[in-house]
Amino acid sequence: GSSGTVPLSVVAVGTTALSYQWYINNTPIAGATSKSYTASVAGSFVVIVNPGRDSVTSATATVTAAGVSPAIGPTIVTQPIALNANAGSSAIFSVGVTGTPPLAYQWRKNGTIINGANASAFTIEKTQIADAANYSVDVSNSVGLVSSSAAVLTVNLPPTVSVNVTSQTVGAGSTATLSVTASNALPLTYQWSKDGELIVGATSRTLQISNIRPADGGTYTVVVANLAGLFSTSTATLAVNFSRLINISTRGFVPAGGSLTPGFVLKGSGSKQLLVRGIGPSLAAFGVSSPLIDPSLAIFPQGSSAPTLSNDDWNSSGPLPAAFVSVGAFALNPNTKDAALLAIFPSSILSGYSARMGSGSAGASGIALAEIYDAEPLNSPVYIVNVSTFGFVGTGDNVLTAGFVIRGNMTKQLLIRAIGPGLASFGAASLLDNPQLQVIANGQTTSIASNSRWGGTAALKAAFAKAGAFAIPDLGNDSAVIVQLSPGGYTVQVSGVGSTTGNALVEIYDLEP
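Under our numbering, read the sequence shown as residues 600 to 1112, first letter to last.
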């Protein structure tokens, strides 16, 4: 033939129409179905007449003519490679083959023929979990057939959550554990959020919150992610049962040249806005005789002899009237000489202050009321844990009376003390020899708890240590009680046994901060 081809033909006679199928090296030649065939490669050729019926096979024609190259069977030079696809994305398998054309391809899934998959590449447009399998391809030509190795298709699904985050109610000071259980393609990553804000470092399936504070209450979610996508859990609410001291006050007699000195301790790092008032003239409206006519107020950080804040005659034109309403304090007449200030108090873990209330008029004395109000939300991170007042204990209306308010949704355990002789080691003078105390709920006349001479009990000593209160003599005349109180208002009355008088310190410690 010309250009390296060899024409082949057969003559067959039959009574019906005849059909033909040519073969090279015992392999059918696609499309070679007439009585003539032009060979372009060397090999052994036969033709079967009427294949599948009364077939007749021709003699073998061997093509060895010059210019006709021998046929080369298929050889796979690049095997299909394993794929890792996210669900919904495409996956393309391909194979690299050498050999004499034409080459025929047939892809298989787990060994089963895939209809229509007859090219050198096989594409799955949008993978689904059912497409995960082993894929291989058969490649053939006129000389022979070869099969590729199997390539694994892994289909990654976005995370699914089998156990969602659940809401919890816990008490302040306890530990809460929030967790989620997720599955599907690894690795899984986690990111927790509180009230829509990411929690730095909270990147495991479990979120543990120790020593819970009211500020830890809120809504929590976690986003679980992998290479295929992400899943955001439903919202879980962490409710914190707690109670706090939000308002403290002390009523007492301010002698000429003396003072009524409430102290308080803040716990937490940050700052706290407080309303501090020194009430004298306005007490007359409540039936108090001989009120202090011109109280002055000065704030001292613990350990400092210099005040950082002071007031004498409050300013009715500023923010104070609105602050009175906000905290529930009774209103003051703009023309009174009462003292008041609204200020920010820094706090660093534990920070103590004292509010010294004296007379703005030399030589004046009288009954006065010192008040401290928490002006921030109940769950703010800085809060009052200890209050105390040093003052003169008289008789009748001149007994030392401390008031406090508990807010929240659970009871609070308090340590309350009245110290007289126990202050001698601190250099205090004119001390009340035998103070006694009574705890009375607002609106009641009988005491919830009372004490005179605390007795040195183990339970009270343990409470002193827990609260950080200074030690007092076991057999001394000082008084102390531990009480568990529901939210509400209370007063502590400190008087002298046998109507004695003198200076004393009344203290209230939060044992469950």
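C-beta atoms are modelled at their ideal positions from N, C-alpha and C, and glycine is treated no differently. Please read all numbers here as calculations on a predicted model, not as lab measurements.
Task: Inter-residue spacing [alpha-carbon to alpha-carbon] between T626 and I723 - done: 31 angstroms
TODO: Assuming A938 and G877 form a contact by the criterion Cβ under 8 angstroms, report the distance between their Cβ atoms to the nearest whole angstrom.
DONE: Yes, they are in contact, since the Cβ atoms of A938 and G877 sit about 4 angstroms apart, within 8 angstroms.
- [ ] Count the other CB atoms, across all protein chains shown, that sit within 10 Å of the CB of F1002; report buried if there are 16 or more and exposed otherwise.
- [x] Per the sequence presented here, residue 1002 reads as Gly, with Phe not at that position. By the 10 Å Cβ count, G1002 comes out buried.
Task: Classification of K1065 by the beta-carbon crowding that lies within 10 angstroms, buried from 16 upward - done: exposed
Open item on the list: Please tell me whether F852 and A1028 are closer than 9 angstroms, where the distance is taken between their beta carbons.
Closed with: no
- [ ] Take V1080 as the anchor and find which of R1006, L1013, Y789, A1103 has the nearest alpha-carbon.
- [x] L1013
Open item on the list: For a test of the three-state rule: what should DSSP assign to I948, helix, strand or coil?
Closed with: Three-state result, I948: coil.
Task: Coil, strand or helix - P606 by DSSP - done: strand
- [ ] Write down the C-beta distance between N1121 and L1030 rounded to the nearest angstrom, noting that I regard them as a contact closer than 8 angstroms.
- [x] Nothing can be reported for residue 1121, as the shown portion of the chain is limited to 600 through 1112.
Task: Beta-carbon separation (whole angstroms), S987 vs L931, contact threshold 8 angstroms - done: Contact doesn't hold; Cβ gap of about 25 angstroms is too wide.
Open item on the list: Measuring straight from C-alpha to C-alpha, what distance separates L999 and S773?
Closed with: 36 angstroms
Task: T604 versus N740: straight-line alpha-carbon distance, rounded - done: 18 angstroms
TODO: Drop a sphere of 10 angstroms on the beta-carbon of N714, count the other beta-carbons inside from all chains shown, and report buried for 16 or more, exposed for fewer.
DONE: exposed
Open item on the list: Considering only the alpha carbon of each residue, which of A638, S618, S688 lies closest to V655?
Closed with: S618
TODO: Note down, one range per segment and in chain order, each beta strand (DSSP E) of at least 3 residues found wholly within the region 696-739.
DONE: 703-708, 720-723, 732-739
Task: Beta-carbon gap between G935 and L837 smaller than 9 angstroms - done: The residue you asked about is not Gly; residue 935 is Thr in the sequence shown. In this structure, L837 does not lie closer than 9 angstroms to T935 by Cβ.
Task: Any 3 or more C-beta pairs closer than 8 angstroms across the region 704-714 and the region 841-859 - done: no
Open item on the list: Only counting the same chain, and skipping five residues up and downstream in sequence, which positions put a Cβ closer than 7 angstroms to that of A1062?
Closed with: L1014, I1081, L1110
- [ ] Tell me I675's beta-bridge partners as DSSP assigns them.
- [x] V696
Open item on the list: How far does the beta strand (DSSP E) with A1034 in it extend, from its first residue to its last?
Closed with: A quick correction: the sequence has Pro, not Ala, at residue 1034. First-last of the beta strand (DSSP E) with P1034: 1034-1040.
TODO: Give the C-beta separation of N783 and T759 to the nearest angstrom, bearing in mind that I take them to be a contact with Cβ-Cβ under 8 angstroms.
DONE: 6 angstroms
TODO: Note the first and the last residue of the continuous beta strand (DSSP E) segment covering V754.
DONE: Counting along the chain, the beta strand (DSSP E) containing V754 begins and ends at 750-755.
Open item on the list: Considering only the alpha carbon of each residue, which of N997, N1041, A1068, A883 lies closest to G1101?
Closed with: N997
Open item on the list: Tell me which residue opens and which closes the beta strand (DSSP E) that K1060 is part of.
Closed with: K1060 -> not in any beta strand (DSSP E); alpha helix (DSSP H) instead, spanning 1057-1066.
TODO: Would you mind giving the Cβ-Cβ distance between E975 and Q872, rounded to the nearest angstrom? I have them listed as a contact below 8 angstroms.
DONE: 5 angstroms
Task: Other residues of its chain near S778: CB distance less than 8 angstroms, five sequence neighbours each side excluded - done: V762, V764, R804, T805, L806
Open item on the list: Quick check for students: name the residue ranges of the beta strand (DSSP E) that lie wholly in the region 767-831, counting only runs of 3 or more.
Closed with: 767-770, 775-778, 780-782, 788-793, 805-808, 817-825, 828-831
Task: Alpha-carbon to alpha-carbon, Y636 and N624 - done: The straight-line gap from Cα to Cα measures roughly 15 angstroms.
Open item on the list: Between which residues of its own chain and G962 is the CB-CB distance below 8 angstroms, once the five residues before and five after are set aside?
Closed with: A855, G856
- [ ] Report the rounded CA-to-CA distance for G902 versus I892, giving the unit in angstroms.
- [x] 29 angstroms
Open item on the list: Report the CB separation of G959 from D911 in whole angstroms; it is logged as a contact under 8 angstroms.
Closed with: Between D911 and G959 the Cβ distance is about 5 angstroms, and since that is below 8 angstroms, they are a contact.
TODO: Could you pull the start and end residues of the beta strand (DSSP E) that F923 belongs to?
DONE: Run containing F923: none in the beta strand (DSSP E); it sits in the alpha helix (DSSP H), 919-926.
Open item on the list: Just to confirm the assignment, what range does the beta strand (DSSP E) spanning G843 have?
Closed with: Here residue 843 turns out to be Arg, not Gly, going by the sequence shown. Its beta strand (DSSP E) spans residues 842-853.
Open item on the list: Quick check: the Cα distance between S889 and G965, rounded to an integer number of angstroms?
Closed with: Roughly 5 angstroms separates the two Cα atoms.
Task: Delimiting residues of the beta strand (DSSP E) encompassing L968 - done: 965-973 is the span of the beta strand (DSSP E), which, as asked, contains L968.
- [ ] Label D815 either buried or exposed according to how many other C-beta atoms from any shown protein chain fall within 10 Å of its C-beta, with 16 as the threshold for buried.
- [x] Counting the other CB atoms within 10 Å of its CB gives D815 a total of 16 or more, which places it among the buried residues.
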